[in-house]
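K.L.:
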Amino acid sequence: MDLNAEQKRIATLEPKGHQLLKGVAGSGKTSVGLYRVHFLLNNYCFGKDDAILLATYNRTLIKYMAYLYGKMAESEQGELSTLFDTPNRKVDIKTVDSLMVNHFDAHAAEHKEKFQLGLPQNKSYQIISEGITKLKKNFPDVGILNQKNTGFLLQEINWIKDCLYLEEEEYQGADRKGMVKSQAENKPQRLQKNSPTRKAIFELMRFYDQALRKMGKISFSGMRIRALEQARKAPQVRYTHVIIDESQDLTRSQLLFLKAICNQKEYSSFVFIADTAQNIYPQSWLGSGNSFASIGFSMQGRSHSLSKNYRTTTQISKAAYSLIEHCAEIVEDENYVKPALIDKHGVYPVCKQFSDERSQADYLAAEIKRLTAEHDRSDMVILGRFKRQLDQIKTMLAQKGIACSDFNDKDLGFDSGDVKLITLHSIKGLEFPIVFMVGLNEGVIPYLPDADEEGRHDDEVKERKLFYVGMTRATEKLYMLSSGKGSPFLMDIAPRLTRIDSGVKMRRFYNVAVDDFRFKGRITNIHGAEEKVRQWILAELVETYKYPLANIAIEYPVKAFSKTGYVDIAVHVNRSGSDEPFLFVETKRRGHSLEDACEQVRSYMNHCPPCEYAAVTDGMSLRVMGRQGNPVNDLPEFREMWALSNSVQVFFHHLKRRQKAQLCFDPNDPTTVEVDVNGMSKLLKADQLEKIPLYGSIAAGQPIHMNSELDETFYLPKAWVRGADYFALKVRGDSMVGAGIDNGDTVLVRSQPSADNLDIVVAALNEDATLKRFSKMGDNAILQAENPNYDPILLSLDQLQILGIAVGVVKNGIHK
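Using the UniProt record's numbering, the first residue of the sequence shown is number 1, and each one after it goes up by one.
(1) Looking only at C-alpha atoms, which of Asn606, Ala643, Lys546 and Leu622 sits nearest to Ser578?
(2) With H, G and I counted as helix, E and B as strand and the rest as coil, what does DSSP make of Asn104?
(3) Taking the alpha carbon of Phe115 as the reference point, which residue from Val337, Phe104, Ser124 and Asn122 has its own alpha carbon closest?
(4) Can you name the start and end residues of the beta strand (DSSP E) that Phe774 belongs to?
(5) Going straight from the alpha carbon of Asn186 to that of Tyr171, what length do you get?
(6) Considering only the beta carbon of each residue, do Gly486 and Gln278 sit closer than 7 Å?
(7) Among Arg238, Ile493, Gly173 and Lys217, whose alpha-carbon lies nearest the alpha-carbon of Lys199?
(8) So, for Gln300: in the same chain, excluding its five sequence neighbours on each side, which residues have a beta-carbon less than 8 Å away from its beta-carbon?
(9) Just the C-alpha distance for Gly17 and Ala211, rounded to the nearest angstrom, thanks.
(10) Note down, in chain order, each residue of its chain lying with its Cβ closer than 8 Å to the Cβ of Asp356, except the 5 sequence neighbours on either side.
(11) Should Thr60 and Asp245 be called a contact, given that it needs their Cβ atoms to be closer than 7 Å?
(12) Would you call the region 261-279 and the region 224-243 in contact, with 3 or more CB pairs under 8 Å?
(13) What do you reckon, are the CB atoms on Pro693 and Phe652 nearer than 7 Å?
(14) Using CA atoms only, rank isn't needed, just tell me which of Leu41, Asn606, Val350 and Glu640 is closest to Glu476.
(15) For Ala513, does the three-state DSSP call read helix, strand or coil?
(16) Can you grab the Cα-Cα spacing for the pair Arg9 / Glu229, in whole Å?
(17) So what does His425 bridge to, in DSSP terms?
(18) Assess contact between the region 429-447 and the region 378-388, defined as three or more Cβ pairs (one per stretch) separated by less than 8 Å. Is contact present?
(19) Just the C-alpha distance for Pro235 and Trp285, rounded to the nearest angstrom, thanks.
(20) Could you have a look at Pro548 and say whether DSSP puts it in helix, strand or coil?
(21) Excluding the 5 residues flanking Leu440 on each side, which residues of the same chain have their C-beta closer than 7 Å to its C-beta?
(22) Which partner residues of Pro15 appear in the DSSP bridge assignment?
(23) Alpha carbon to alpha carbon, what distance is there between Thr713 and Lys816?
(24) For Ser638 and Tyr613, which I take to be in contact (beta-carbon distance under 8 Å), what is that distance rounded to the nearest angstrom?
(25) Check the C-beta distance from Ile128 over to Leu164 and give it rounded, since I have them as a contact under 8 Å.
(26) Going by beta carbon distance, what residues of the same chain come within less than 6 Å of Arg226, once the five residues before and after it are set aside?
(27) In the DSSP assignment, find the unbroken alpha helix (DSSP H) run with Asn574 in it and report its ends.
(28) Candidates Glu586, Arg590, Gly591 and Ser593: which alpha carbon is nearest Ser603's?
(29) Alpha carbon to alpha carbon, how far is Gln392 from Val91? Give it in angstroms, no decimals.
(30) With DSSP run on the structure shown, which of helix, strand or coil describes Thr240?
(31) In terms of residue numbering, what span does the beta strand (DSSP E) encompassing His38 cover?
(32) The alpha helix (DSSP H) with Leu655 in it runs from where to where?
(33) In the DSSP output, what is Val761 paired with across the bridge?
(34) Using a 10 Å radius around the Cβ and a threshold of 16 neighbouring Cβ atoms, would you call Asn551 buried or exposed?
(35) I'd like to check one pair, Trp159 with Gln283: are the Cβ atoms closer than 7 Å?
(36) Would you please verify whether the beta carbon of Ser124 is less than 7 Å from any beta carbon of chain C?
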């Protein structure tokens with residue numbers, strides 16, 4: 001990628017000790033780190049012993065950095081030195097563990113020790129199992145010493161070592177939440193501080209270490225302890241400049257090791273690159289709520305932020321942010337950076353649910369083949385929570401003639417011709433144009449085995465971050481697929497930011513509240529499973545495809561010889577001066593076969609010649625067909641010319657009551673209005689309506705002169721405006737979009753000279769007027785926009801005249 005001015009500014013800052021670069025996914029943090037290596041190499045490596053280290057978490061990211069650096073070198077037209085193709089004695093780009101292994105080897109040689117690093121997991125479990133059996137005699141009341149907890153106990157032992165809690169007293173006092181249930185007592189169990197449980201776990205760690213030692217083995221967490229000891233005493237190498245990518249993922253021992261091998265000089269530097277929203281490892285130090293001060297760094301006044309996501313489209317960015325925006329543990333972290341949008345538009349992510357793995361694989365194969373017309377298959381990646389999911393997908397796709405290759409850190413194969421298969425943990429730091437996230441099922445993600453209530457919550461936050469990481473790997477297209485009951489995380493992603501399929505505007509299924517059901521008076525089974533799907537489609541027809549509710553009917557009769565059938569939904573339009581059926585929709589409960597529904601709706605169309613389109617859906621799939629039964633990509637959107645001959649539509653949003661209504665006006669009789677509130681329609685006559693005067697423009701932007709001349713009038717139900725004087729104003733500008741007031745809307749204003757805090761007011765400023773949210777502060781007032789692009793207006797109360805408060809918004813104009 002080409003670095004912009006802000007990225008280059010940060011990359012070329014004068015080195016002054018330690019700094020933090022925090023940024024959102026796709027903000028170019030790694031690119032800035034690479035460019036900074038080039039900058040420091042050419043400007044701040046004066047001495048013979050000066051060197052630069054760019055360290056990261058795993059070998060995958062090293063390979064990706066090489067690929068990314070090649071792209072950057074091309075765009076910089078030769079200005080960047082070659083860091084990866086030829087050895088450079090001044091620059092090392094390595095994983096932290098590879099450096100630590102070198103120091104561990106030196107430590108072993110010095111102490112005349114010989115250890116083999118690592119142990120197969122099944123062998124580790126065997127040692128833990130033996131330790132449980134032995135220690136249970138001394139700790140009979142400690143329920144966690146159970147053979148079913150071997151996985152957790154091994155993880156806990158490694159966590160203790162990575163945190164450098166080498167004395168029992170340190171571990172007893174450390175903040176640590178339990179993650180298992182006591183199988184013996186069958187109830188949640190916490191790892192209480194200063195408890196026999198922690199003492200037993202610490203003893204088990206000693207047993208485990210002794211067993212490894214007898215075998216001539218050492219764990220990676222044990223290796224790191226010795227490597228840190230050696231680095232502090234006799235470092236094998238020193239670096240004047242240290243840059244740590246993905247620093248939120250490193251353990252305490254890894255971070256302190258890097259600190260120990262930094263060569264302190266007047267111009268040395270130590271840069272942390274991090275995104276707390278992408279911390280997905282339980283053993284990480286900074287990502288678990290620990291401060292930089294806990295490892296000896298104060299970041300006050302030393303941090304820089306990159307908030308713009310240049311990787312993904314606006315649509316994908318919005319959907320990903322909606323997943324985490326209400327998670328306090330993520331967004332309230334002091335180092336969290338809220339994403340800012342850039343003008344990179346694409347398509348909304350697809351979110352689809354299937355009844356089984358085979359249906360999911362069939363869809364996946366069809367989409368891959370369709371996309372191959374415009375994309376190389378190396379642009380595509382399939383992500384799974386577990387490798388077993390990917391193995392199953394690989395087999396199923398092979399049966400469809402689609403070759404997939406397992407991702408590995410030795411040969412990333414970015415430019416190969418195969419679709420890649422990668423686990424969610426392994427995709428971290430990478431990006432692909434097209435991402436398929438598969439098997440997003442309940443019980444798969446979040447994966448929370450045997451967690452107690454508090455531990456479950458902490459694990460769920462990690463799993464949410466993992467899901468977020470997967471979403472933000474896509475640069476162009478994102479598919480989120482489930483093969484059974486979907487992950488609860490899918491429900492946390494705003495439905496308006498996803499689509500039911502590629503190439504369609506319809507948002508994925510969502511539950512409509514019963515209070516918001518349309519046509520309530522005509523529904524026979526209001527709580528039925530099929531009705532939920534019908535109400536979703538009705539909402540989509542009105543909100544997404546913009547059909548006026550007056551154009552829609554339910555249970556529409558269609559005569560077939562001597563019998564009469566009833567279409568679930570019928571949409572009428574006006575063509576050539578007459579209103580006639582245009583679209584039929586049949587709905588089924590979720591997961592129901594659509595074959596019978598397709599036959600049924602075709603029969604309805606055959607007996608209703610004006611009808612041109614039909615659709616069937618179960619909330620999981622949508623099929624649209626034309627008059628001849630031919631497949632059609634999507635439903636047609638409403639056109640103004642299709643408005644029924646006897647009505648004009650507007651929408652009214654009551655700001656105070658948070659209520660929405662649709663009003664249908666007869667252009668030949670403005671005193672007749674049909675009002676639809678929450679699906680309940682009522683026809684109102686003149687004696688039930690109040691005439692509202694409509695004046696000229698009011699500014700929802702910078703203050704402008706208000707036109708006091710009467711433009712026209714319109715009518716609203718008396719029940720809405722009883723007991724006060726009201727008038728209406730047309731809105732110009734976009735400063736109140738956050739309150740749902742758009743340019744071109746009309747606001748309904750209740751005349752009054754005062755307002756409460758946070759009321760939206762029409763305020764006169766000398767001869768100008770504006771529409772803003774009001775706040776009183778002593779003798780002053782603040783007029784605040786609902787758009788971050790506008791600054792607040794601060795003035796004294798005697799400079800301000802309140803004309804009234806906005807109580808409602810009329811969308812799509814006002815009609816006489």
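Don't be surprised by glycine CBs; every beta carbon is placed ideally from N, CA and C.
P.N.:
With the given structure in hand:
(1) Stepping through the sequence shown from its first residue, residue 578 is reached at position 578. Answer by Cα proximity: Ala643.
(2) By 1-based counting over the sequence shown, the position of residue 104 is 104. According to the sequence as given, residue 104 is Phe; it is not Asn. Three-state result, Phe104: helix.
(3) As a first step, residue 115 must be located in the sequence shown, where it is residue number 115. Residue Phe104 is the option with its Cα nearest to Phe115.
(4) Residue mapping note: residue 774 aligns to position 774 of the sequence shown, counting from 1. Run containing Phe774: Asp768 to Met777, per the beta strand (DSSP E) assignment.
(5) Mapped onto the sequence shown, residue 186 falls at position 186. Mapped onto the sequence shown, residue 171 falls at position 171. Here Asn186 scores only 42 on pLDDT, less than 50, and its place in the model is too uncertain to base an answer on.
(6) Here residue 486 is taken as the residue at index 486 of the sequence shown, counted from 1. Here residue 278 is taken as the residue at index 278 of the sequence shown, counted from 1. No, Cβ-Cβ distance for Gly486 and Gln278 is not below 7 Å.
(7) By one-based count along the sequence shown, residue 199 stands at place 199. With distances taken between Cα atoms, Lys199 lies closest to Gly173.
(8) By 1-based counting over the sequence shown, the position of residue 300 is 300. There are no such residues.
(9) Taking the sequence shown and counting its residues from 1, one reaches residue 17 at position 17. Taking the sequence shown and counting its residues from 1, one reaches residue 211 at position 211. Taking the straight line joining both Cα atoms gives about 43 Å.
(10) By one-based count along the sequence shown, residue 356 stands at place 356. Here the set comprises Ser483 and Gly484.
(11) Taking the sequence shown and counting its residues from 1, one reaches residue 60 at position 60. Taking the sequence shown and counting its residues from 1, one reaches residue 245 at position 245. No. Outside cutoff.
(12) yes
(13) Reading the sequence shown from its first residue, position 693 is the one you call residue 693. Reading the sequence shown from its first residue, position 652 is the one you call residue 652. Against a cut-off of 7 Å, the Cβ pair of Phe652 and Pro693 comes out as no contact.
(14) For this step, residue 476 is matched to residue 476 along the sequence shown. Of Leu41, Asn606, Val350 and Glu640, the residue nearest in Cα terms is Val350.
(15) As a position in the sequence shown, residue 513 is number 513, starting the count at 1. Note: Ala513 maps to coil in three-state DSSP.
(16) Within the sequence shown, numbered from 1, the residue matching residue 9 stands at position 9. Within the sequence shown, numbered from 1, the residue matching residue 229 stands at position 229. Roughly 37 Å between the two C-alpha positions.
(17) By one-based count along the sequence shown, residue 425 stands at place 425. Bridge partners of His425: none, in fact.
(18) yes
(19) As a working note, residue 235 is residue 235 in the sequence shown. As a working note, residue 285 is residue 285 in the sequence shown. Distance between the alpha carbons of Pro235 and Trp285 is about 23 Å.
(20) Numbered from its first residue, the sequence shown carries residue 548 at position 548. Correct three-state label for Pro548: coil.
(21) As a working mapping, residue 440 is identified with position 440 in the sequence shown. Around Leu440: Met480, Leu481, Ser482, Gly486, Ser487 and Leu490.
(22) Start at 1 with the first residue of the sequence shown, and residue 15 comes out as number 15. Answer is none; Pro15 lacks a bridge partner.
(23) The count along the sequence shown starts at 1 and reaches residue 816 at position 816. The count along the sequence shown starts at 1 and reaches residue 713 at position 713. Because Lys816 sits at a pLDDT of 37, beneath the cut-off of 50, its placement in the model cannot be relied upon, and the point is left open.
(24) Sequence index remark: in the sequence shown, residue 638 carries index 638 (1-based). Sequence index remark: in the sequence shown, residue 613 carries index 613 (1-based). The sequence shown places Phe at residue 638, rather than the Ser named in the question. With 8 Å as the limit, Phe638 and Tyr613 do not qualify as a contact, their Cβ atoms being about 12 Å apart.
(25) Translated into the one-based positions of the sequence shown, residue 128 becomes position 128. Translated into the one-based positions of the sequence shown, residue 164 becomes position 164. About 21 Å separates the two Cβ atoms, so there is no contact after all.
(26) Residue numbering aside, residue 226 sits at position 226 when the sequence shown is read from its first letter. Here the set comprises Phe104 and His107.
(27) As a first step, residue 574 is located in the sequence shown; it is residue number 574 there, counting from the start. Unbroken run through Asn574 is the beta strand (DSSP E), Lys563 to Arg575; no alpha helix (DSSP H).
(28) Within the sequence shown, the letter at position 603 stands for residue 603. It is Glu586 whose Cα lies nearest to the Cα of Ser603.
(29) As a first step, residue 91 must be located in the sequence shown, where it is residue number 91. As a first step, residue 392 must be located in the sequence shown, where it is residue number 392. Roughly 42 Å separates the two Cα atoms.
(30) As a working mapping, residue 240 is identified with position 240 in the sequence shown. Coil.
(31) Here residue 38 refers to the residue found at position 38 of the sequence shown. Looking at the DSSP string, His38 is not in any beta strand (DSSP E); the run it does join, the alpha helix (DSSP H), is Lys29 to Asn43.
(32) Looking up residue 655 in the sequence shown gives position 655. Unbroken run through Leu655: none, as it is neither H nor E.
(33) For the purposes of this step, residue 761 is taken as residue 761 along the sequence shown, with counting starting at 1. In the DSSP output, where bridge partners are listed per residue, Val761 has Lys772 and Ile805.
(34) Numbered from its first residue, the sequence shown carries residue 551 at position 551. Burial call: buried.
(35) Your numbering for residue 283 matches position 283 in the sequence shown. Your numbering for residue 159 matches position 159 in the sequence shown. It is a contact, given that the beta carbons lie within the stated cut-off.
(36) Absent from the structure: chain C. Only one protein chain is present.
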